[in-house]
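2 protein chains.
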Amino acid sequence: MRNILFNIVELKDSFRPSEKKIAQYILDNPEQIVDMTITELASACNTSEASIVRFCKTLNLKGFQDLKVKIAASLAVKHSSLDGGIDREDSIADIVQKIVDFNKEAIEQTSHVTDLEELERAVDVLSNAKRIDFCGMGASGIVAYDAMTKFMRINIPCNYYQDNHLQLTSAANLSEDDVAVGISYSGTTSEVVDVLKAAKERSASTISITKVGKSPLVEVADINLFVSSQEAIFRMGAMASRIAQLNLIDILFVSVAIKKYDEVFEYLENTSGATSIRKI
Amino acid sequence: MRNILFNIVELKDSFRPSEKKIAQYILDNPEQIVDMTITELASACNTSEASIVRFCKTLNLKGFQDLKVKIAASLAVKHSSLDGGIDREDSIADIVQKIVDFNKEAIEQTSHVTDLEELERAVDVLSNAKRIDFCGMGASGIVAYDAMTKFMRINIPCNYYQDNHLQLTSAANLSEDDVAVGISYSGTTSEVVDVLKAAKERSASTISITKVGKSPLVEVADINLFVSSQEAIFRMGAMASRIAQLNLIDILFVSVAIKKYDEVFEYLENTSGATSIRKI
DNA sequence: CGATTTATGAAAATTATTTACAAAATTAAT
DNA sequence: ATTAATTTTGTAAATAATTTTCATAAATCG
Chain Z
1 MRNILFNIVE LKDSFRPSEK KIAQYILDNP EQIVDMTITE LASACNTSEA SIVRFCKTLN
61 LKGFQDLKVK IAASLAVKHS SLDGGIDRED SIADIVQKIV DFNKEAIEQT SHVTDLEELE
121 RAVDVLSNAK RIDFCGMGAS GIVAYDAMTK FMRINIPCNY YQDNHLQLTS AANLSEDDVA
181 VGISYSGTTS EVVDVLKAAK ERSASTISIT KVGKSPLVEV ADINLFVSSQ EAIFRMGAMA
241 SRIAQLNLID ILFVSVAIKK YDEVFEYLEN TSGATSIRKI
Chain X
1 MRNILFNIVE LKDSFRPSEK KIAQYILDNP EQIVDMTITE LASACNTSEA SIVRFCKTLN
61 LKGFQDLKVK IAASLAVKHS SLDGGIDRED SIADIVQKIV DFNKEAIEQT SHVTDLEELE
121 RAVDVLSNAK RIDFCGMGAS GIVAYDAMTK FMRINIPCNY YQDNHLQLTS AANLSEDDVA
181 VGISYSGTTS EVVDVLKAAK ERSASTISIT KVGKSPLVEV ADINLFVSSQ EAIFRMGAMA
241 SRIAQLNLID ILFVSVAIKK YDEVFEYLEN TSGATSIRKI
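Chains as they are written, first to last, in this note's numbering: chain Z, 1 to 280; chain X, 1 to 280.
Okay, structure coming up:
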């Protein structure tokens, strides 16, 4: 996890009031922070040292010193110019460059908002799953579908249904050895939330994949995985986030495959043969 | 500000004995320093806190905290390592970093293998299309599906069928104002080739999306778009290529949307409203 | 509206950093 | 080789910074 400033922007909405003040001050004066003491920062933010420390802990940092070090590191990295967005004056070459930068950035951000411990837990339950149900609607359905095609390859029984009734029926038949993965960029898709609730009722493990921050889906899931919530470019729905989600699926898949290396190796050989008959 | 580590190397000869020990330790373990206290560093260097402080002053730094901040900033220069591939000894953090690098690389490659003129032609025919059929099997089906969900948003009638018979039926009903987009990583998927052949028979425009190189699909399509063919990591199917393909779809979509800016603007507003009722 | 949870800051406790100073080591001069 | 001067160093005290505790205030919930 590297760019702490970006992290702060992302989490801003979920901060407590005093934390918001601190976040704002830091984002307004990042280069000053590294030269300030906790007491100076506290008074500059009209808050207390304790709140600064809590703020650091909220960010999963060891303490104020850690914050300073992370900010110093963040400031040393320069950003590609994605700010302007895409407009009608842009040439095809411009658009290619911007979309490329944008999608690369979305993937990069994933690693910054990824909680490795949470990821590890997800890999654990997925590795031990007797069956996995992937659930997502609309664009997130693509991600769920992609996940299914991948995990099928290593012989883990898994489902993805487009129809919410089928999703619910399937979830209602899960057991405690099974896993339901709910994918929703906003975290508010009621169908997905309902499926995870149904899965939970059956004592199955539940994993969410959403944008950073609180949401109904995050509330209901046992394990929460996040992708970046920056969707500034052009006026369109969750475009880059979908690539970030797929990137996360790749990570989960490879991690599970590595964990089950010996048995999986064989399956990959088999399915590689299967798709070489009908290349995709 | 100069890179402090570089600075230390330069000044090394002019240091006092105890300072040399400190300098050596810092250069040997720069990433550890930022997590150490002055006491820890002193004992690690077999010297005293006072010497550390003097060392900092020698470097014209305010003190030990300043040293940590400067080192953190120096370390924030990037290092990506894709060489080794992923193996069972890799930690979760390693896997995350490698997949992230890998997928970013796949996207970056897209822009290098993209023929802008060919892309421009593709954008032209897509912009003028009365109807678009997207066709792909397996993992490429995900890309076709994604493309459909996007182009639907700007009110271009389009189809994606999983069933090859339906794909062929749909293609058989295309006219010369329509476009068929065939997606296949290898370019050899017979179903996709057949669909484009059927489309061509009906005088529809045909676009292929494949890895670079000759293939049956490239032979049959009017316009050929390529993604990079690097698939070195881990032993698995076209994993990163799918992200590269999606990136290409993003480019096509945004380019078409920009081209039809005025009318499209309104549609995006509408569909944005539609999905805010049911957030994905 | 009361009960419970959550958020906050003052102050205490802890920990880290810096400084002062004396001892040790080194150097230079006889 | 011995001594004085100088430089370097570590200990311990002083200072400063950070973290924790805890009581209270604010917000939220039933």
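Here a beta-carbon is modelled for each residue, glycine too, at the ideal position from N, C-alpha and C.
Just so it is clear, the structure is predicted and the values come from calculations on it, not from any experiment.
Count the other C-beta atoms from every protein chain shown that fall within 10 angstroms of the C-beta of residue i, then say buried if there are 16 or more, exposed otherwise.
i        : result
Z:Asn3   : buried
X:Asn46  : exposed
X:Ser140 : buried
Z:Ala50  : exposed
X:Arg257 : As written in the sequence, residue 257 of chain X is Ala, which differs from the Arg given in the question. Looking at its Cβ environment, which holds 16 or more other Cβ atoms inside 10 Å, X:Ala257 is buried.
Z:Arg242 : buried
X:Phe64  : buried
X:Ile33  : buried
Z:Lys57  : exposed
X:Tyr261 : exposed
X:His112 : exposed
Z:Asp178 : buried
X:Ser215 : buried
X:Gly213 : exposed
Z:Thr110 : buried
X:Thr37  : exposed
Z:Ala147 : buried
X:Phe6   : exposed
X:Asp66  : buried
X:Asp101 : buried
X:Glu282 : Because residue 282 of chain X is not part of the residues shown, which for chain X are 1 to 280, the question remains open.
X:Leu41  : buried
Distance cutoff 8 Å, beta carbons only. Does residue i sit that close to anything in chain Z?
i        : result
X:Asp133 : no
X:Ser18  : no
X:Ile209 : no
X:Lys104 : yes
X:Val96  : yes
X:Phe15  : no
X:Glu287 : Within the shown structure, residues of chain X are numbered from 1 to 280, placing residue 287 of chain X beyond reach of any answer.
X:Asn159 : no
X:Leu61  : no
X:Gly182 : no
X:Val53  : no
X:Ala129 : no
X:Asp284 : Outside the shown range of chain X (1 to 280) lies residue 284 of chain X, about which nothing can therefore be said.
X:Lys294 : The question about residue 294 of chain X has no answer here: the residues shown for chain X are numbered 1 through 280.
X:Thr39  : no
X:Tyr261 : yes
X:Glu120 : yes
Could you tell me whether any Cβ in chain X is nearer than 8 Å to the Cβ of residue i?
i        : result
Z:Arg88  : yes
Z:Ala44  : no
Z:Met239 : yes
Z:Ser111 : yes
Z:Thr213 : Note on residue identity: the sequence assigns Gly, not Thr, to residue 213 of chain Z. Cβ-Cβ to chain X under 8 Å: no for Z:Gly213.
Z:Tyr145 : yes
Z:Ile258 : yes
Z:Asn247 : yes
Z:Thr169 : no
Z:Ala72  : yes
Z:Val195 : no
Z:Glu108 : yes
Z:Ile142 : yes
Z:Ile243 : yes
Z:Phe234 : Because Z:Phe234 sits at a pLDDT of 49, beneath the cut-off of 50, its placement in the model cannot be relied upon, and the point is left open.
In the DSSP assignment, what residue or residues form a beta bridge with residue i?
i        : result
Z:Cys135 : Z:Gly182
Z:Asn159 : Z:Asp133
For this session: Specify whether the segment 116-127 of chain Z and the segment 237-256 of chain Z touch according to this definition: at least 3 beta carbon pairs, one from each stretch, less than 8 Å apart.
Result: yes
For this session: Examine the Cβ distances between the segment 194-209 of chain X and the segment 166-186 of chain X and report whether three or more of them are shorter than 8 Å.
Result: yes
For this session: Return the chain-ordered ranges of every alpha helix (DSSP H) run that is complete within the segment 200-264 of chain X and spans a minimum of 4 residues.
Result: 216-220 and 240-259
Problem set entry | Inter-stretch contact (C-beta, 8 Å, three-pair minimum) for the segment 156-165 of chain Z and the segment 10-28 of chain X | no
Problem set entry | the segment 89-108 of chain Z in contact with the segment 132-152 of chain Z per 3-pair CB rule at 8 Å | no
For this session: Give, in chain order, every unbroken run of the beta strand (DSSP E) that is at least 3 residues long and sits entirely within the segment 28-54 of chain Z.
Result: none
Exercise. Is the segment 206-217 of chain X touching the segment 180-196 of chain X, taking contact as three or more C-beta pairs under 8 Å?
Worked result: yes
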